[in-house]
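Take the sequence shown: its letters are residues 0 to 199, numbered as in numbering that gives the first Met the number 0.
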Amino acid sequence: MSRRPSAVLGMAIAVASLVIASLLAGMAVQGYSHLLHPLAWLGARQWGPGGTLFGVFGFVVPGVAAAWVALGLRSQLPPVAGWSARIGAQLALLAALAFAAQGLLPLDLENQDAGASRWHALAWLSWALAFPLAGLGLALGLSRVVGMRALPLVSGVAAVLVLVGSFLGGGWIGPALSQRLAITAWLAWCGYVALAPRRN
Numbered sequence: 000m001s002r003r004p005s006a007v008l009g010m011a012i013a014v015a016s017l018v019i020a021s022l023l024a025g026m027a028v029q030g031y032s033h034l035l036h037p038l039a040w041l042g043a044r045q046w047g048p049g050g051t052l053f054g055v056f057g058f059v060v061p062g063v064a065a066a067w068v069a070l071g072l073r074s075q076l077p078p079v080a081g082w083s084a085r086i087g088a089q090l091a092l093l094a095a096l097a098f099a100a101q102g103l104l105p106l107d108l109e110n111q112d113a114g115a116s117r118w119h120a121l122a123w124l125s126w127a128l129a130f131p132l133a134g135l136g137l138a139l140g141l142s143r144v145v146g147m148r149a150l151p152l153v154s155g156v157a158a159v160l161v162l163v164g165s166f167l168g169g170g171w172i173g174p175a176l177s178q179r180l181a182i183t184a185w186l187a188w189c190g191y192v193a194l195a196p197r198r199n
């Protein structure tokens, strides 16, 4: 069994980075409400250096930490893991990189349907689609692997929550809270993978 301390530390830093950056940036942007507005607004071009800093600490740092977790998971998959689990690990890595890319492709609040905003939306969509598929692949590919019974369940639940939060929950709890539900579920999955010992 193995657990990578660097992945655990990375996820702790990632969560703290996102939470602190969100709170500080939210206070700096006049009229911003975490109950009503998406996180991406805090990294918009219109906020200058403050928006850039949020992009780094709110998206890039968590994305890089999650990518490190996904790389560790991929390298530690047992030989008996199914092909869907290996694809799932690759998609988890893709999702992490897409999340980080949101911080490098800030929104333009004056042109949200074109230009730079489209690239940001593409990065968000890539994350929101890749991770549920990753969770599904891991759930299917690891469901019968001895010593990894919890990971398929956690992956499946996280996949559903991210899918609901990204695409379906806006009508129930509002887009802002729905998005935060999806991000929280994803970070919780990353934290579990970083903490949980696995059998090689």
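C-beta atoms are modelled at their ideal positions from N, C-alpha and C, and glycine is treated no differently. In this text, all values refer to a predicted model and were calculated from it rather than measured experimentally.
Residue 79 by DSSP, collapsed to three states: which one?
-> In the three-state reduction of the DSSP assignment, residue 79 falls in the coil class, being assigned neither a helical nor a strand state.
Could you give the distance in angstroms between the alpha-carbon of residue 134 and the alpha-carbon of residue 29?
-> Those two C-alpha atoms are separated by around 37 Å.
Runs of alpha helix (DSSP H) lying entirely within the segment 31 to 80, each at least 4 residues, in chain order | Within the segment 31 to 80, the complete alpha helix (DSSP H) runs of at least 4 residues are 47 to 53 and 60 to 75.
Quick one: using the 10 Å Cβ neighbour count with 16 as the cut-off for buried, is residue 167 buried or exposed?
-> When all chains shown are included, residue 167 counts as exposed.
Cβ-based neighbour list, residue 65, same chain, cut-off 6 Å, excluding 5 preceding and 5 following = Within the same chain, residue 65 has close Cβ partners 95 and 189.
So, helix, strand or coil for residue 3, using DSSP?
-> DSSP places residue 3 in coil when its eight states are reduced to three.
With hydrogens ignored, establish whether the beta-carbon of residue 122 is closer than 7 Å to any heavy atom of the ligand MN.
-> Looking for the ligand MN in the displayed structure turns up nothing, as the structure carries no ligands at all.
Cβ of residue 38 less than 8 Å from any chain B Cβ?
-> The chain labelled as chain B is not found in the depicted structure, where only one protein chain is given.
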